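*Asks:*
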Amino acid sequence: MRLAVPKETRAGETRVAATPESIKKFKALGLEVVVQAGAGAGARIADADYIAAGASVAPDAATTLKDADIVLKVRGPEDSEISQMKNGAVLAALLAPHAEKDAIASLASQGVIAFAMEFLPRISRAQSMDVLSSQANLAGYKAVIDAAAQFGRAMPMMMTAAGTIAPARVLVMGVGVAGLQAIATAKRLGAIVSATDVRPATKEQVESLGGTFVAVMDEEFKNAQTAGGYAKEMSSEYQAKQAALTAETIKKQDIVITTALIPGRKAPILVNEEMIKSMKRGSVIVDLAAGAGGNTPLSKPDEVVEVHGVTIMGYTNLPGRLSTDASSLYARNLFNFVSLIVDKKSGALAIDWSDEIVKGAAVTKDGAPVVRG
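Throughout, our numbering is defined as the position within the sequence shown, counted from one, plus 2.
Now the structure itself:
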């Protein structure tokens, strides 16, 4: 069975879907692996490294995709790639199904069985395949590193003969995987860190990392989480109180990291223009949701802008700014998923459609998009 790794075609995408390490594992499963020439260049992986791991290198996408039974990508394929995939081929990638509906329809009409890696269910058995977590970890880390590089002062307290430098103050808004890594990274750099989230359970997580939790701690907040761990919608009264507290907190910050994303919807505004105006000159905001509309109204995707004396960084692919590590983690996630749908004895496809991981990730099947309840 043939597994193909084409070169990424989306602008600015530096990651690759397989590494020499993962290719050796695929070979051990009995798969033939072909990689498009230059596919690993953005992640500093040479074609010779793939060949040494047992893959063959094809000169172009058409040759790479020809007769491929499994196709691995980071981002979803372009129409020209889809048309070159055979009926019945399996595709695994970050497909952005909510936004890329036309691409999903094209994959279905081509007869491709497509799995969106961002749709994997959040269960313990799928943790080793969880690309959102692996990439968000790196995004949270890189957000702080980029902010520190942009910030015109030192992060930790420094006591010198010439005087003491105060530590930077960092606020992380949203305590998911990226937010937790941002808190940990900012603490390691010596900053005074605070964080806010609408889920009460995150308070303990923030404090365990040495951060200060910022929220209006009334009875409504204490009951603001469902049994499944999701946030309940808060009353307008609570939202007003929390907004006032956030606005007061932001005035004192040097760096703000925003991480709020809602799949399939525009990102919520966490920091409005009045809050930005209130920040100290030279402060930095890193908006991890810039590609989905932004957590500030002034963020610009893939641009670094200065507004009201505040620098707003809107990189839409922070993991891609750490392409070597991001590719390594992503490739391991993909290998773990592929091992679930390949028979380890025969090396043939063996998709168990009753498996909740398979069902959760599937977006096309039997020539049609998968309908979700």
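The C-beta atom is built at its ideal place from N, Cα and C for all residues, glycine as well.
It should be emphasised that the depicted structure is a prediction, and the values quoted were computed from it without experimental measurement.
Which residue spans inside the stretch 104 to 179 form an unbroken alpha helix (DSSP H) run of at least 4?
*Replies:* With a minimum length of 4 residues, the continuous alpha helix (DSSP H) runs that stay inside the stretch 104 to 179 are 133 to 152.
*Asks:* How about Arg-77 and Arg-12: are their beta carbons less than 9 Å apart?
*Replies:* Closer than 9 Å, so yes.
*Asks:* If you check the beta carbons only, do Gly-322 and Arg-17 fall under 9 Å apart?
*Replies:* Cβ atoms of Gly-322 and Arg-17: closer than 9 Å.
*Asks:* Drop a sphere of 10 angstroms on the beta-carbon of Ser-237, count the other beta-carbons inside from all chains shown, and report buried for 16 or more, exposed for fewer.
*Replies:* That one is exposed.
*Asks:* Met-157 to Leu-182, Cα distance in whole Å?
*Replies:* Between Met-157 and Leu-182, the C-alpha separation is close to 18 Å.
*Asks:* Out of Thr-248, Gly-212 and Leu-211, which has the shortest C-alpha to C-alpha gap to Val-218?
*Replies:* Cα-wise, what sits closest to Val-218 is Thr-248.
*Asks:* Can you list, in chain order, the residues of its chain with a C-beta nearer than 7 Å to that of Gly-56? Leave out the 5 residues immediately preceding and following it.
*Replies:* The answer, listed in chain order, is Ile-25, Lys-26, Lys-29 and Val-35.
*Asks:* When the Cβ atoms of the stretch 186 to 197 are set against those of the stretch 145 to 156, are three or more pairs found closer than 8 Å?
*Replies:* Touching, yes, given that three or more Cβ pairs across the two stretches are closer than 8 Å.
*Asks:* Is the stretch 358 to 372 touching the stretch 107 to 121, taking contact as three or more C-beta pairs under 8 Å?
*Replies:* As far as the Cβ criterion goes, the stretch 358 to 372 touches the stretch 107 to 121, which means the pair count is three or higher.
*Asks:* Pairing CB atoms from the stretch 142 to 149 with CB atoms from the stretch 100 to 109, are three or more of them under 8 Å?
*Replies:* Result no; under three Cβ-Cβ pairs closer than 8 Å.
*Asks:* Please classify Ile-264 as buried or exposed, where buried requires at least 16 neighbouring CB atoms within 10 angstroms.
*Replies:* It counts as exposed.
*Asks:* Would DSSP call Asp-49 helix, strand or coil?
*Replies:* It is helical.
*Asks:* Taking the alpha carbon of Gln-38 as the point to measure from, which residue in Thr-65, Pro-22 and Glu-23 has its own alpha carbon closest?
*Replies:* Selected option, being the one with the closest Cα: Thr-65.
*Asks:* In the DSSP output, what is Glu-221 paired with across the bridge?
*Replies:* Answer by DSSP bridge pairing: none, since Glu-221 is not bridged.
*Asks:* For Pro-321, which of helix, strand or coil comes out of DSSP?
*Replies:* The answer is helix: DSSP assigns Pro-321 an H, G or I state.
*Asks:* Establish whether the CB of Gly-212 and some CB of chain D are separated by less than 9 Å.
*Replies:* The structure shown contains no chain D, having only a single protein chain.
*Asks:* Rounded C-beta distance between Thr-298 and Gly-176? I'm assuming under 8 Å.
*Replies:* The pair is not a contact, with the Cβ atoms about 13 Å apart (cut-off 8 Å).
*Asks:* Taking only runs of the alpha helix (DSSP H) that begin and end inside the stretch 268 to 298, which ones reach a length of at least 4 residues, in chain order?
*Replies:* Those alpha helix (DSSP H) runs which fall completely within the stretch 268 to 298 and span 4+ residues are 275 to 280.
*Asks:* Excluding the 5 residues flanking Glu-275 on each side, which residues of the same chain have their C-beta closer than 7 Å to its C-beta?
*Replies:* So the qualifying residues of the chain are Pro-299 and Leu-300.
*Asks:* Going straight from the alpha carbon of Gly-213 to that of Gln-152, what length do you get?
*Replies:* Taking the straight line from one Cα to the other gives about 22 Å.
*Asks:* Identify the residues that DSSP records as bridge partners of Arg-190: which are they?
*Replies:* Answer is none; Arg-190 lacks a bridge partner.
*Asks:* Which residue wins for smallest C-alpha separation from Asp-199, given the options Glu-239, Leu-272, Met-131 and Ala-150?
*Replies:* Considering only alpha carbons, the answer is Leu-272.
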